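I have placed the structure first, in the form of structure tokens, so that the comments after it can refer back to it.
There are 2 protein chains.
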Amino acid sequence: MIISTRGRYALRVMMDLAENSSGDYIAMKKIAERQGLPLKYLERILPVLTQNRIVEGIQGKGGGYRLTRRPEEYPVGEILRLTEGDLAPVTCLECGAEPCEKRAECRTLPMWNKLHGIINAYLDSVTIADLIAGNI
Amino acid sequence: MIISTRGRYALRVMMDLAENSSGDYIAMKKIAERQGLPLKYLERILPVLTQNRIVEGIQGKGGGYRLTRRPEEYPVGEILRLTEGDLAPVTCLECGAEPCEKRAECRTLPMWNKLHGIINAYLDSVTIADLIAGNI
DNA sequence: ATAATACCGACCTGAATGGTAGGTTGAAAT
DNA sequence: ATTTCAACCTACCATTCAGGTCGGTATTAT
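Protein chains in written order, with the working numbering: chain A, 42 to 177; chain B, 42 to 177.
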């Protein structure tokens, strides 16, 4: 399994924000209720999205979250890379990984590299708008 | 990360068996030494390969393992599915998973399905012989 | 008999998942 | 000013999984 609940919940939140965008900020409590997800857990997932300007978060009464782009401008891959970390198929390809000493002669690495590329290319070809429209 | 050491080690073993096939059975101890992998751990990984006739294992002195097909007849995907379980990107798609009650209306499922297909198609297009030949 | 080998089950450690609990900060409504 | 609602933050916790290790048993050639 690659994609944990963190990434899946983040996608659900993004879709909810996209579908209920009236210009107002939307409280996470509303989204949690609508989507049937644990509020406290969502609160732990969302900071990375606000820090990366994926969504805009406003505190205080009447606050909440709002998209910063149009739904068709959010590739699914971008959301997943932020919430899940790299979508690397093997640890060797992860960003922070200490380089494997067999890297130079490794004969499986090209395969993992290509797989990594294929996965990212596909996930970046789908947008939040596509998910909503059922355009898969 | 999708692929753990189980699957990666299994591939290394298969490549080693393919490259050192003289018709004789090859002791796992030899492979562990050559590849620098923990023998005891390999012994825990291999039974699933023998049970599925991927390799043939013979006990006793002079025993060991031997491929049952030619290297070009082993798709990487087959080895990985046996050692890693499904290569499903989300738990919802795993074989033994209890069906999600939102499955019918889930709008991300088609994307996961397609991704799953893409991953399997690629990994099944590469064979052990390709890995050895650097044919990626 | 002995040595070498696959095979098998129990155990162990550390990290990650999937949360929960409780509080702090900030802004708007009263 | 006070209250209320919201994001934000830190610590904790239970369960599962990764990546092994350990010790032994069954089987076969010499």
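Think of the CB as a built atom: it goes at the ideal place given N, C-alpha and C, for glycine as much as any other residue.
Just so you know, these numbers come straight off a predicted model, no measurement behind them.
Query	Result
Touch test, the segment 86–104 of chain A against the segment 125–137 of chain A, Cβ-Cβ under 8 Å, three pairs minimum	no
Distance between beta carbons of isoleucine 86(A) and alanine 51(A), contact taken as under 8 Å	6 Å
Alpha-carbon spacing of serine 63(A) relative to glycine 77(A), whole angstroms	21 Å
Residue from Asp165(B), Asp57(B) and Ile44(B) whose Cα sits closest to the Cα of leucine 108(B)	Asp57(B)
Residues from the segment 145–169 of chain B in contact with chain A, defined by Cβ distance under 8 Å	Arg148, Thr149, Pro151, Met152, Trp153, Lys155, Leu156, Ile159, Ile160, Tyr163, Leu164 and Val167
Any chain A beta carbon closer than 7 Å to valine 54(B)	no
Proximity of glycine 105(B) and alanine 68(B) at Cβ, strictly below 7 Å	yes
Cα-Cα separation, arginine 94(A) to glutamate 142(A)	37 Å
Valine 54(B): CB within 6 Å of a non-hydrogen atom of the ligand NAP	In the structure shown, the ligand NAP is absent, as is every other ligand, since no ligand is present at all.
Min CB distance leucine 87(A) to chain B below 7 Å	no
Buried or exposed (CB count within 10 angstroms, at least 16 for buried), glycine 48(B)	buried
Alpha-carbon to alpha-carbon, leucine 164(B) and glycine 178(B)	The structure shown does not extend to residue 178(B), since chain B spans only 42 to 177, so no value can be given for it.
Cα-Cα separation, asparagine 161(A) to glutamine 92(B)	35 Å
Chain A contact residues for isoleucine 44(B), given Cβ-Cβ distances below 8 Å	Pro130, Val131 and Trp153
Within 7 Å, strictly: CB atoms of leucine 16(B) and arginine 148(A)	Because residue 16(B) is not part of the residues shown, which for chain B are 42 to 177, the question remains open.
Beta-carbon contacts of isoleucine 120(B) that lie in its chain and below 8 Å, excluding the five residues immediately before and after	Gly48, Ala51, Leu52, Met55, Leu90, Ile95 and Ile169
CB contact check: glycine 175(A) to chain B, cutoff 7 Å	yes
Classification of arginine 75(A) by the beta-carbon crowding that lies within 10 angstroms, buried from 16 upward	exposed
Any chain A beta carbon closer than 7 Å to leucine 58(B)	no
Within chain B, the residues that leucine 90(A) reaches when beta carbons sit closer than 8 Å	Those within 8 Å of leucine 90(A) in chain B number zero; the least Cβ separation is about 17 Å.
The beta strand (DSSP E) enclosing glutamate 97(A), as first and last residue numbers	96–99
Within the segment 128–172 of chain B, ranges of the alpha helix (DSSP H) (whole runs, at least 4 residues)	150–166
Strand pairing of glycine 105(B), partner residues [DSSP]	Ile99(B)
Contact set between leucine 172(A) and chain B, taken where Cβ atoms lie within less than 8 Å	Arg148, Thr149 and Met152
Cβ-based burial, tyrosine 82(B) [other Cβ within 10 Å; buried from 16]	exposed
Whether proline 151(A) touches isoleucine 177(B) by CB criterion (7 Å)	yes
Candidates Lys71(A), Arg110(A) and Pro116(A): closest to valine 167(A) by CA position	Pro116(A)
Glutamate 146(A) versus tryptophan 153(A): straight-line alpha-carbon distance, rounded	14 Å
Residue span of the alpha helix (DSSP H) that contains glycine 48(B), given as start and end	46–60
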